[in-house]
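Student: Below: one structure in structure tokens.
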Amino acid sequence: MNYNIIIVISIVICAIISLFISYYLALLIVGENSGFFKAVQLIIAVISMTTFYAPIKHILIKFMNLNEDESESK
Numbered sequence: 204m205n206y207n208i209i210i211v212i213s214i215v216i217c218a219i220i221s222l223f224i225s226y227y228l229a230l231l232i233v234g235e236n237s238g239f240f241k242a243v244q245l246i247i248a249v250i251s252m253t254t255f256y257a258p259i260k261h262i263l264i265k266f267m268n269l270n271e272d273e274s275e276s277k
């Protein structure tokens, strides 16, 4: 499998995870009726995207038996 496809898959998985985490944490922290709900949800989504992206990408690369160095040199 191509390295670029693995990157796209890991971004999609990360975005789905971040969507659920940010919604429920923002709901827990400020409540849905608050004016800061979307701002808090955005901050949590950015933090969770940066946290989960690298491990998911690493797991997918190991699972697909793809060398990152070989794919970048092509």
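Positions 204 to 277 (our numbering) are the ones given, in order, by the sequence shown. Every residue, glycine too, gets a C-beta built ideally from N, C-alpha and C.
Tell me the rounded alpha-carbon separation between Y206 and T254.
Tutor: 20 angstroms
Student: Quick one: which unbroken alpha helix (DSSP H) runs of 4-plus residues sit fully inside the region 222-274? Chain order, please.
Tutor: 240-266
Student: Suppose the cutoff is 6 angstroms on Cβ atoms and the five residues either side in sequence are ignored; what does the same chain contact list for I259 look like?
Tutor: S213, I216, C217
Student: Which of the three DSSP states is assigned to N207 in this structure?
Tutor: In the three-state scheme derived from DSSP, where H, G and I count as helix and E and B as strand, N207 is classed as helix.
Student: Using only CA atoms, which one of I208, I210, V211, I220 lies nearest to M252?
Tutor: I220
Student: To the nearest whole angstrom, what separates the beta carbons of I209 and M267, a pair I think is in contact under 8 angstroms?
Tutor: 6 angstroms
Student: Out of curiosity, what's the CA-to-CA distance linking G234 and I250?
Tutor: 19 angstroms
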